[in-house]
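What follows is one structure encoded as structure tokens, with my remarks underneath.
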Amino acid sequence: MARRTGTTERGSSAEALRLVGVTKVYGAADNAVTALNDVSVSLPTGSFTAVMGPSGSGKSTLLQCAAGLDRPDKGVIMVDGEEMTGGTEAALTKFRRQRIGFIFQQYNLLPTLNVLQNTILPLKLAGRRVDEKLARETLERVGLGGRLAHRPDQLSGGQRQRVAIARALVAEPRVIFADEPTGALDTRSAREILFLLQEAVNVHGRTVVMVTHDPVAASYADSVLFLADGRVVGRMVGPTVDAVADRLAHIGDPVHAQMREV
Ligand SMILES: Nc1ncnc2c1ncn2[C@@H]1O[C@H](COP(=O)(O)OP(=O)(O)OP(=O)(O)O)[C@@H](O)[C@H]1O
Ligand SMILES: [Mg+2]
Numbered sequence: 116m117a118r119r120t121g122t123t124e125r126g127s128s129a130e131a132l133r134l135v136g137v138t139k140v141y142g143a144a145d146n147a148v149t150a151l152n153d154v155s156v157s158l159p160t161g162s163f164t165a166v167m168g169p170s171g172s173g174k175s176t177l178l179q180c181a182a183g184l185d186r187p188d189k190g191v192i193m194v195d196g197e198e199m200t201g202g203t204e205a206a207l208t209k210f211r212r213q214r215i216g217f218i219f220q221q222y223n224l225l226p227t228l229n230v231l232q233n234t235i236l237p238l239k240l241a242g243r244r245v246d247e248k249l250a251r252e253t254l255e256r257v258g259l260g261g262r263l264a265h266r267p268d269q270l271s272g273g274q275r276q277r278v279a280i281a282r283a284l285v286a287e288p289r290v291i292f293a294d295e296p297t298g299a300l301d302t303r304s305a306r307e308i309l310f311l312l313q314e315a316v317n318v319h320g321r322t323v324v325m326v327t328h329d330p331v332a333a334s335y336a337d338s339v340l341f342l343a344d345g346r347v348v349g350r351m352v353g354p355t356v357d358a359v360a361d362r363l364a365h366i367g368d369p370v371h372a373q374m375r376e377v
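Under the numbering used here, the first residue of the sequence shown carries the number 116, and numbering increases by one thereafter.
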């Protein structure tokens with residue numbers, strides 16, 4: 116662990132995430148599924164990347180492995196210049212809590228805790244100092260300043276997802292992973308969540324990696340990675356809704372299968 120590369124003046128690496136030859140196989144022998152097949156990716160600090168591809172192409176597996184929630188069978192994952200792969204379960208958990216935030220489609224808030232308590236929970240779990248002022252300010256910023264004492268079941272879906280974003284932000288992670296964060300939301304709530312993710316990148320310098328099926332959501336990112344059959348089959352910088360929809364429609368075509376440029 117703790118191999119460092121290319122450190123900048125702020126003490127963080129210019130490269131937020133690097134995957135080298137990451138392979139993940141589920142199941143054994145005759146029913147084995149190769150969910151990720153030799154994936155290599157490099158994402159700079161302060162980038163907003165959307166991950167797209169057909170159902171079953173390995174998007175969630177990619178996020179789970181890159182976030183340290185699952186272990187690849189082969190390959191190396193570097194977060195902010197430090198190697199994550201290897202080590203004990205406890206070491207992996209510590210690494211994750213210090214550097215990674217995760218936003219799920221179904222929010223994953225604890226039902227018995229209120230908004231403020233949910234937001235500071237990751238800091239408590241990590242044994243870190245709880246800056247309640249920062250937590251309140253963050254909740255204010257995501258528009259929940261008046262809801263601190265509400266429980267998740269007293270909030271709308273969009274509000275719950277904003278708690279999840281605040282929870283990810285207060286831990287000041289190097290990389291925030293979001294798996295279909297707008298998948299359960301109406302158009303307007305989805306747009307608010309996408310603006311907040313953009314703000315996390317543009318104002319606060321975070322790095323965001325977001326899985327989505329929606330070309331509109333992907334157009335908020337600054338680049339899109341396309342997956343098919345567990346491989347990266349393309350990358351689009353400056354995505355527009357139409358260009359993304361068009362690429363998705365042809366993702367299985369032979370011409371795109373040859374475009375393994377990443
Ligand atoms: N825990 C698991 N056990 C066995 N196979 C799995 C497991 N998780 C995923 N897979 C398989 O790995 C492949 C990739 O799954 P993954 O969930 O990463 O796809 P996805 O791109 O996120 O799809 P979706 O868009 O439907 O969410 C699929 O074939 C899936 O069936
Ligand atoms: Mg998925």
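Cβ coordinates follow ideal geometry from the N, Cα and C atoms, glycine included.
query: Under the assumption that R256 contacts L224 (Cβ atoms under 8 Å), give the Cβ distance between them as a whole number of angstroms.; result: R256 to L224, Cβ: 18 Å. No contact.
query: In the segment 328–371, which residue ranges form an unbroken alpha helix (DSSP H) of at least 4 residues, counting only runs that do not cross its ends?; result: 330–333, 356–364
query: Taking the continuous alpha helix (DSSP H) assigned at R321, which residues delimit it?; result: Segment: none, R321 is in no alpha helix (DSSP H) and carries neither H nor E.
query: Just list the beta strand (DSSP E) runs in the segment 193–258, keeping only unbroken ones of 3 residues or longer that don't cross its boundaries, in chain order.; result: 215–218
query: For a minimum of 3 consecutive residues, which ranges assigned as the beta strand (DSSP E) are wholly contained in the segment 116–182?; result: 130–141, 148–159, 163–167
query: Do the segment 168–176 and the segment 332–345 make contact, defined as three or more Cβ pairs closer than 8 Å?; result: yes
query: At a cut-off of 7 Å, is V359 close to ligand 1 when judged by its beta-carbon and the heavy atoms of the ligand?; result: no
query: Should V326 be listed as close to ligand 2, given that the test is whether its C-beta is under 7 Å from any heavy atom?; result: yes
query: If you drop the 5 nearest sequence neighbours on each side, which residues of the same chain put their C-beta closer than 6 Å to that of I308?; result: Q276, P296, T297
query: Write down the C-beta distance between T322 and A281 rounded to the nearest angstrom, noting that I regard them as a contact closer than 8 Å.; result: Not quite, the Cβ-Cβ distance comes to about 18 Å (not below 8 Å), so this is no contact.
query: Please classify K239 as buried or exposed, where buried requires at least 16 other C-beta atoms within 10 Å of its C-beta.; result: exposed
query: Specify the secondary structure class of A293 as computed by DSSP and reduced to three states.; result: strand
query: Quick one: Cα of G161 to Cα of M199, how far?; result: 20 Å
query: Among residues of its own chain, excluding the 5 on either side of T123, which ones have a beta-carbon nearer than 7 Å to its beta-carbon?; result: Because the pLDDT of T123 is 44, which lies under 50, any placement of that residue in the model is unreliable, and the question is left without a value.
query: Does the segment 135–143 come into contact with the segment 179–197, if we say contact requires no fewer than three beta-carbon pairs (one atom in each stretch) closer than 8 Å?; result: yes
query: Would the beta-carbon of V166 fall within 8 Å of that of L340?; result: yes
query: Pop quiz: A336 and F163 are said to be a contact at Cβ under 8 Å. What is the actual Cβ separation, rounded to whole angstroms?; result: 5 Å
query: Are there any heavy atoms of ligand 2 lying less than 7 Å away from the beta-carbon of S175, as far as the coordinates show?; result: yes
query: Since L254 contacts V230 with CB under 8 Å, what's their CB separation in whole angstroms?; result: 6 Å
query: Please classify A205 as buried or exposed, where buried requires at least 16 other C-beta atoms within 10 Å of its C-beta.; result: exposed
query: May I have the straight-line CA-CA distance separating L284 from F292, to the nearest angstrom?; result: 11 Å
query: Taking 7 Å as the cut-off, is the C-beta of G298 nearer than that to any heavy atom in ligand 1?; result: no
query: Roughly how many whole angstroms lie between the Cα atoms of R211 and M193?; result: 12 Å
query: Start and end of the alpha helix (DSSP H) containing A279?; result: 272–285
query: Do G272 and A299 have their C-beta atoms closer together than 8 Å?; result: yes
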